[in-house]
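*Asks:* Keeping their order, the protein sequence lines are chains A and B.
Oh and the first sequence: position 10 is 10 in my numbering, straight run, nothing missing.
Add 1000 to a position in the second sequence, counting from 1, and you land on the number used in my numbering.
All residues carry an ideal CB built from backbone N, CA and C; glycine is no exception.
Being a predicted model, the structure only gives us computed values, none of them experimental.
For reference, the structure I am asking about is given below.
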Amino acid sequence: MSSQEFREVQHSEHAHPDAREYAMIASILTIVTGFEVALFFFTGVGHSTLVGMLMVLMVVKFVMVVGWYMHLHFDHPYFTWIFTGGLIIAIAIVLALATLFGVFTGGEELVRQLPAGEVH
Amino acid sequence: MAANQGTASPPIQQNIIEHPTSTGLDSRKLAMWCFLASDCMFFGSLITAYLVSHNRAAVPPYPQGFFDIPFTSVSAFVLLMSSVAMVLALSGIQKGNMRRFRIWIVSTGLLGLIFLGGQIYEFTEFHHEGLGLDTNLFGSSFYTLTGFHGAHVTVGVIWLFSLFFASFRAPLVTKEKALNVEIAGLYWHFVDIVWIIIFAVVYLIQAG
Chain A
1 MSSQEFREVQ HSEHAHPDAR EYAMIASILT IVTGFEVALF FFTGVGHSTL
51 VGMLMVLMVV KFVMVVGWYM HLHFDHPYFT WIFTGGLIIA IAIVLALATL
101 FGVFTGGEEL VRQLPAGEVH
Chain B
1001 MAANQGTASP PIQQNIIEHP TSTGLDSRKL AMWCFLASDC MFFGSLITAY
1051 LVSHNRAAVP PYPQGFFDIP FTSVSAFVLL MSSVAMVLAL SGIQKGNMRR
1101 FRIWIVSTGL LGLIFLGGQI YEFTEFHHEG LGLDTNLFGS SFYTLTGFHG
1151 AHVTVGVIWL FSLFFASFRA PLVTKEKALN VEIAGLYWHF VDIVWIIIFA
1201 VVYLIQAG
């Protein structure tokens, strides 16, 4: 790659949002966080519904920060692939181990029934 | 050798700025994204360890109803706002506005310090309520996860204040070297997104 092409690639990486857009994203993040906390204290929904809604809100905040504040939405696709690759492996680790140790099936309750002192 | 023979050699500074790579991407930024991808796996493992362990505590305290959600919500808000300050600092340096950069980078660092202060207060309160690192599996996994996150925040705060002080030495932090700030920003935002996950999974979902 020539120096000219290199400069063009670097220039295209830096087409970032302006301060107004950053402030708008901050407002949305604040509202979503407030909604998360309100959901926690709102007892009218079941635990499964609460978990589902909190997970969706968490993903929304995650995508907004990574996409706009970390500029992944505007940067070269290589960065997206690298980060997404690590993220997919991380999610796979969480799901595999959680399944293996019975997090989704309540297997931990069996352990709690053991006499105190056997498990700390 | 060429310089000794009187022929013109390219200035060192020019080599640093141009330095084309096969991908056209800056190697330092690529390295940071690789590090962040690996850190995803690191925190993924710690979160899994917490999910697997926290309900296996045979002795109290248990996580249900243990956390002070309003207090942690404020901490989460503080860290979110620090991310806003970080992007404004980056915007400042990219436009060559050093005053704006310094104001926002210090704001980011101070918000990080407030978050750390809140975490220390929270840990102290939990300790007084009987949750130590070796009390039960809940305590061990909780302190390990949030402690490592706190360590990341500490490194970030040191990095941010280093950039602030370095900005007074002209060649270190300038508009032309805004990438140094952008890389620090990537790290700081990552710390923020990890807390977004911890706040939802550990505090809101598991303690609900």
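For B/Val1078, which of B/Ala1037, B/Val1191, B/Leu1030, B/Pro1060 has the nearest alpha-carbon?
*Replies:* B/Val1191
*Asks:* Residues of the segment 53 to 65 of chain A in Cβ contact with chain B at a cutoff of 8 angstroms, in chain order, please.
*Replies:* Going along the segment 53 to 65 of chain A in chain order, one finds Leu54, Met55, Leu57, Met58, Lys61, Phe62, Val65 with a Cβ nearer than 8 angstroms to chain B.
*Asks:* How is the alpha helix (DSSP H) around B/Pro1063 delimited, first residue to last?
*Replies:* Segment: none, B/Pro1063 is in no alpha helix (DSSP H) and carries neither H nor E.
*Asks:* Could you give the distance in angstroms between the alpha-carbon of A/Trp81 and the alpha-carbon of B/Trp1104?
*Replies:* 30 angstroms
*Asks:* Could you tell me whether the Cβ of B/Asp1192 comes closer than 8 angstroms to any Cβ of chain A?
*Replies:* yes
*Asks:* Would you give the residue range spanned by the alpha helix (DSSP H) that B/Asp1192 belongs to?
*Replies:* 1178 to 1198
*Asks:* List, in chain order, every chain A residue whose beta-carbon is nearer than 8 angstroms to that of B/Met1041.
*Replies:* What B/Met1041 touches in chain A: Gly86, Ile89, Ala90, Ile93.
*Asks:* Entirely within the segment 1087 to 1168 of chain B and at least 4 residues each: give me those alpha helix (DSSP H) ranges in chain order.
*Replies:* 1098 to 1128, 1137 to 1166
*Asks:* Give me the residue from B/Lys1095, B/Ile1193, B/Glu1182, B/Trp1195 with the minimum Cα distance to B/Asp1026.
*Replies:* B/Glu1182
*Asks:* Under the rule that 16 or more other beta-carbon atoms within 10 Å means buried, what is B/Pro1063, buried or exposed?
*Replies:* buried
*Asks:* If we call anything under 8 angstroms between Cβ atoms a contact, is B/Met1032 one with B/Leu1186?
*Replies:* yes
*Asks:* Residues in the segment 71 to 84 of chain A with C-beta within 7 angstroms of chain D's C-beta atoms, listed in sequence order?
*Replies:* Annotation note: the requested chain D is absent from the structure, which comprises protein chains A and B.
*Asks:* Pull up the distance between the alpha-carbon of B/Thr1072 and that of A/Leu100, whole angstroms please.
*Replies:* Separation of B/Thr1072 and A/Leu100 (C-alpha to C-alpha, rounded to the nearest whole angstrom) is 30 angstroms.
*Asks:* Where does A/Thr99 fall in DSSP's three states?
*Replies:* helix
*Asks:* Can you find a C-beta in chain A that's less than 8 angstroms from the C-beta of B/Leu1160?
*Replies:* Cβ-Cβ to chain A under 8 angstroms: no for B/Leu1160.
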